[in-house]
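Residue numbers (my numbering): 1 to 84. Heads up, the beta-carbon is just placed ideally off N, CA and C, and yes, glycines get one too. Bear in mind that the values here come from a model prediction, so they are computed numbers and not experimental data. Report on the following structure.
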């Protein structure tokens, strides 16, 4: 899991990326490591929220939050008409 976590942490987002672009990067990492959202149960049902998927999803959400908080808000200047 360590290498997957590092890969998610090191995703490079650009200001021009849409949320879908960011999700596609996440899904690409999940596909590369063959991590599925669910697992099949013995009775044929599907159990969602696979443990590995959930950990990766939380890490990705934190990475997205960090991107928006730091890259988009802290390093962009607030429009002057919204300052006071």
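Euclidean distance between Cα positions of residue i and residue j
i          : j          : result
residue 1  : residue 81 : 46 Å
residue 8  : residue 26 : 7 Å
residue 10 : residue 3  : 10 Å
residue 15 : residue 61 : 17 Å
residue 13 : residue 39 : 30 Å
Paired residues, beta bridge with residue i - DSSP
i          : result
residue 39 : 47
Presumed contact (8 Å Cβ cut-off) between residue i and residue j, rounded CB distance
i          : j          : result
residue 64 : residue 22 : 6 Å
Distance CB(residue i)-CB(residue j) smaller than 8 Å
i          : j          : result
residue 41 : residue 47 : yes
Would you be able to state if there are at least three C-beta pairs under 8 Å between the segment 49-63 and the segment 27-37? Taking 8 Å as the limit for Cβ pairs, the verdict is that the segment 49-63 does touch the segment 27-37.
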